[in-house]
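Protein chains in written order, with the numbering used here: chain A, 625 to 1167; chain B, 86 to 610. We put the beta carbon where it would ideally sit given N, CA and C, even for glycine. Quantities reported herein were computed from a predicted structural model and do not represent experimental measurements. Worksheet: the structure to be examined is printed underneath.
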Amino acid sequence: MIFTGPLTWLTALPFAGAFAVLALSRNRALARALAILVALASLVGALALWVHFQAASSGMQFEQQYAWASSIGLTYHVGIDGLGLLLLLLSAIVVLMSLVASWRNPAHGPVYFALVLFLECGLFGTFTALNFLHWFLYWELTLIPAFFLVRQWGGTKRAQASLQFFLYTMVGSVALLVAFLVLYLAAGTFEFLALAQWAHQGQLTAALQQQFSWTGWSGSSLALLLFWAVFLGFAVKTPVVPFHTWLPATYAEASSETTMLLTGAMSKMGVYGFLRILLPIFPAQMQQILTPLLWLALASIVLPALAAWAQRDLKRTFAYSSVNHLGYCVLGICVVARFTGSDPSLLLEKSAALTGVLLQIFSHGLTAAALFWFVALLERRNQGKRALTDFGGLRKIVPVFCGLMGIAIFASLGLPGLNGFPGEFLIFKGVFPLAGWAAALALLGLLFTAVFLLAVLQRVFFGPMRESQQQAPMPDLTVAERFAFAPVIALMLVLGFYPQFIAGKMTGTVAQWTAPQAAPVQTIPSTVTNTSGYPVHATEAHR
Amino acid sequence: MPLTTISQPLASAPQLAWTIYASFLGAVAVLLTPSSRPQFTRWVALLTSVVGFVLTLGAVLQYQPGSLLLVADSTWIPQLGIRYTLAADGISLTLLLLTGLAAMAGILFSWNIEHRTREFFAFYLVLIGGVYGVFLSFDLFLLFVFYEIAIIPKYFLIAIWGSAPNGDTRPRQYAAMKLALYSFAGSALVLIGILAAWAASGSHTLNLAVLAHYPFSQHFQMWAFPLIFVGFAVLAGLWPFHTWAPTGHAAAPTAASMLLAGVVMKLGAYGCLRVAMMLFPLGLAPWGFHILGLGSWRDVFALLALISIVYGASVALVQRDFKFVIGYSSVSHMGFVLLGLMTLSQIGINGAVLQMFSHGIIAGLLFAVVGRMVYDRTHTRDLAALGPMQLSYALPFAAVTFTLAAMASVGLPGFSGFIAELQVILGVWRSMPWMVFAVALGILIGVAFTWRALTRVFFPASQSDESPAPIEHPLPPITLPERAGALLLLTATIIVGLYPHILMRLILPSLQSPLFSALRNGGWR
């Protein structure tokens, strides 16, 4: 019954594929081929969804909703809008990149590939689920493969890094669960769309006050508390300074191919949460504490950029740069939150900021995954060395590698013409009129990013070559590797020159987020409608 | 008085009585098999358990939610008003399913028993028969008889086939005796309560359905309830009556541990619900005064259950013996069950019964890995000694099974424990909100000790990056019966986790039935 919808198929595909790969665990080559085939099939599926997605319509598409365990408010509810579609595509791309990067890594066997596919299933599920319990199932299920990937295939300090990663994320998840249980007790539903509608009507604080009057707190204080709990859950994942301290260790200790997954796809779960859950359900609370949030976002932009400058380890450098890039997304979201549902003259700025956030999510995922892929190649060709001081003058011996990695570095920097620029530009375009001081401070982040990335470029590609490198120069990219990188680099260039490719599909979603709010509805849908069919436009389920 | 005077949809399912009879007959048949052919013995035992499960499954599939299945009702000792009455409602069916699954899995995991195989399976099947009997009994005296029948095989299973904990000078006979004595003590309390109920109701009947409607005085219920509740709670492993459980489970052979932790502890919880709460619900009413902030038996037992959750998890966190970790985790999980019962809300009690089923399966899985897969091969249960053995390379099936069982035990979504614990938490929040934080703490400590055991044994940090050195004495691979048993239990927990409706449709309507009307009239919170 649930298999009538494309989203269910897409989520089930890597899950089934993982079992098939495990069944082939004796034969590494076959398992590897099958894993890549499954990832490719998932990508094709995501692209098919992309093509069939109606850009102009708002609301969820390919929606399916079935009763699952109604006594606890659990429904099987999936659907995507522009944000979900974007992240499905990004996850599919990043997983494929990661698996291809593992091709030559002998340590990564069939179990590794199976875990990556389980992770992909969890990602697809997270980005499509619309009922909190259903969504939480996938959210938690991404944690398990990620934990094992870091722990079993990581570096020397992987035990501590994986434990830290696990604990931080678990604390965040617990905060999320508790907050939503409280919301369920107040609102009677776990559905994201229904909760958003209900919160928009201003019923959140009233219901909290009523249900929890025994605490003696007002409804708005309770709502604020819930907001912080949900914020914590996503702030750990994104991450937002100061909840980011698990990230450098985990990214550094995990094998670089795993880090591609962590930075390319898993970090987006946090931003997704901000956009899908936090902003729609707690708009008033975000407005209330906007200034502290803006400061946290700015801290996430400026401080990691400075920290990246100070790193000696290439992986840690790029790890901190990851935090920095996602900080721009958080900044964009916070600024937009300030103006939910008001002044139509700010529509342009809000649309710009939100489109910029979406573009930045996609481009960062792509670029960061590519950068860690290059680091993986560097490591493998240099006996695992990855300190800045280990390299120098590489452009003389590996010109193609340096050329391609240079493109990726410049994309990360935000050079116009590459994919990093449109997202950052639009975010700044939107933020500047709305909160000028924040934009000005965020520019510092841009400056420091340029500094440390150019420093990496200079230290690794230019400058004097080390003795060991001169004795035994590392080989350049093979033809197969050039073919593997070509689509990624091409995508970076295409998106740099024609971001409309992505932004065009997002118009309906962005319009819905920025539009003056629609007329309120009377009841929260309690009966579950059986909607299926493909594709589906804005359905009646949340009207 | 016959059962038919109760106004509730009644159906007839006489085949369910054969779950009991088949088990006893199977025990006899097993004893008659030639001792030179243990394989034949095992198959007879397995087939017996499959018969019981299939019968239960058939009844479940035909069951009308909310009805009462009358299985048997005949005269027994008319002078005392005791009848041989067997019946089942949705709650009984859920636990019968659990028993069937645990029995089959236990026999599969005992496939390697070579020492006195026939006696082992005979005792095992008698235990199963007794447990089926308790879940089906609707006459208090009959329930008591089956309860006692179940205690004897437990003693022998541990005393003859058990193993002492490492570094513990006390032999397994100590654990067996402790378990038996605690069980007898609990049942003694229950007997007093039963006799009192019989006398107070006019000495006419001990039928559960009839007594559920008998208007016992509040004063009577106020002392009968805690007496019977404590009697059963001893078997359920409620703190501070729990100390037999970790010792007993650790000393027992695998199949017995699976059954003890998985099913027998649920006998206690079932008794708490079916006898104490159904017959004497007014015993839960407020006393009118407060001692240390506790104003009713409900507060007292809820607090004890809460302590079980946190204490059980905390003690599990510091254990050095792998089996003791699981033993104490059972105490912690049973605390959830009893807390759920004490919420006196539909959702809480539903969660409690679901947790009974869920934990039964999960405890079975955990003990199966620890006992059968790991201990029978490595002959050690010491966490520190198991780490260097690189078990995730030597026994990958065990590693994966234990990882999945650990995820289920922690209450991760997708497994049966999540829905059960969620409902208990919602129930606790509705009735005793301040306890939720302690429950959450218990869950977090649960994550911690599970993580500790999992990583210490299967994924120790000292493993090097390259593939490990070849093991000098490779461990025997996981056999087919073990895989079958593990798959059976994993499938059960995942199916219920993803589609809890299959059990909730049994449990929830039964809570609405006339049997529990007195409890409901006390006011669902």
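Query: Closest to V1024 (chain A) by C-alpha separation, out of A:G857, A:L972, A:F1107 and A:T1013, would be which residue?; Result: A:F1107
Query: Output needed in chain order: residues of the stretch 561-594 of chain B with a Cβ under 7 Å from some Cβ in chain A.; Result: P585, H586, M589 and L593
Query: Measure the beta-carbon distance from F452 (chain B) to Q440 (chain B) and round it to whole angstroms, keeping in mind my assumption that it falls under 8 Å.; Result: So it is not a contact: roughly 17 Å between Cβ atoms.
Query: Could you tell me which residues DSSP puts in a beta bridge with S159 (chain B)?; Result: B:Y169
Query: According to DSSP, is D461 (chain B) part of a helix, a strand, or is it coil?; Result: helix
Query: Could you give the DSSP three-state label for T578 (chain B): helix, strand or coil?; Result: helix
Query: Roughly how many angstroms separate the alpha carbons of A330 (chain B) and F269 (chain B), rounded to a whole number?; Result: 14 Å
Query: If you draw a straight line from the C-alpha of G706 (chain A) to the C-alpha of V675 (chain A), how long is it?; Result: 12 Å
Query: Name, in chain order, the residues that DSSP records as bridge partners for I704 (chain A).; Result: A:Q685
Query: My understanding is that A294 (chain B) touches L600 (chain B), with C-beta atoms under 8 Å, so please give their C-beta distance in whole angstroms.; Result: 6 Å
Query: Against chain A, does A337 (chain B) count as a neighbour if the rule is that its beta carbon must be under 7 Å from one of theirs?; Result: no
Query: Check the Cβ-Cβ distances between A546 (chain B) and every residue of chain A, and say whether any is below 7 Å.; Result: yes
Query: Over what stretch of residues does the alpha helix (DSSP H) that includes A680 (chain A) continue unbroken?; Result: Careful: A680 (chain A) lies outside any alpha helix (DSSP H) and carries neither H nor E.
Query: Give the straight-line distance between the Cα atoms of P1088 (chain A) and S1036 (chain A), rounded to the nearest whole angstrom.; Result: 25 Å
Query: Thinking C-alpha only, which one of B:P566, B:A491, B:T465 and B:N606 is nearest G531 (chain B)?; Result: B:A491
Query: In angstroms with no decimal places, state the Cα-to-Cα distance between F643 (chain A) and Y952 (chain A).; Result: 38 Å
Query: Can you find a C-beta in chain A that's less than 7 Å from the C-beta of P498 (chain B)?; Result: yes
Query: Using the Cβ count rule (16 or more neighbours within 10 Å means buried), how would you classify P1123 (chain A)?; Result: buried
Query: Going by the CB atoms, is the gap between D224 (chain B) and T170 (chain B) shorter than 7 Å?; Result: yes
Query: Which residues mark the beginning and the end of the beta strand (DSSP E) in which A297 (chain B) is found?; Result: Unbroken run through A297 (chain B): none, as it is neither H nor E.
Query: Look at L364 (chain B) and A297 (chain B) and say whether their C-beta atoms are less than 7 Å apart.; Result: yes
Query: Would you list the residues sitting across from T328 (chain B) in a DSSP beta bridge?; Result: Bridge partners of T328 (chain B): none, in fact.
Query: Return the bridge partner residues of E815 (chain A) from the DSSP annotation.; Result: A:N755
Query: To the nearest angstrom, how far is the alpha carbon of A691 (chain A) from that of E764 (chain A)?; Result: 21 Å
Query: Of the residues A:S695, A:L832, A:Y700 and A:A1011, which one's Cα is nearest the Cα of Q688 (chain A)?; Result: A:Y700
Query: Using a C-beta cutoff of 7 Å, does F855 (chain A) count as contacting chain B?; Result: no
Query: Is any beta-carbon of chain B found at less than 7 Å from that of A693 (chain A)?; Result: yes
Query: Give me the chain B residues within the contact set of R606 (chain A), using Cβ-Cβ distance strictly less than 7 Å, ordered along the chain.; Result: Absent from the model: residue 606 (chain A). The displayed extent of chain A is 625 to 1167, so no value can be given.
Query: Only counting the same chain, and skipping five residues up and downstream in sequence, which positions put a Cβ closer than 8 Å to that of G724 (chain A)?; Result: As written in the sequence, residue 724 (chain A) is Val, which differs from the Gly given in the question. Excluding residues within five positions, the ones whose Cβ falls inside 8 Å are I660 and A1108.
Query: Would a C-beta distance cut-off of 7 Å place L181 (chain B) and F220 (chain B) closer than the cut-off?; Result: yes
Query: So R466 (chain B) packs on P561 (chain B), CB below 8 Å; how close in whole Å?; Result: Not quite, the Cβ-Cβ distance comes to about 17 Å (not below 8 Å), so this is no contact.
Query: Could you check if N435 (chain B) is buried or exposed, using at least 16 other CB atoms within 10 Å of its CB as the buried criterion?; Result: buried
Query: Quick check: what's the CA-CA separation for G894 (chain A) versus A873 (chain A)?; Result: 18 Å
Query: Thinking C-beta only, is A1011 (chain A) closer than 7 Å to R936 (chain A)?; Result: yes
Query: Please report the straight-line C-alpha distance between S288 (chain B) and G166 (chain B), rounded to a whole angstrom.; Result: 7 Å
Query: So for E551 (chain B), helix, strand or coil by DSSP?; Result: Annotation note: pLDDT 49 at E551 (chain B) (below 50); position unreliable, no value reported.
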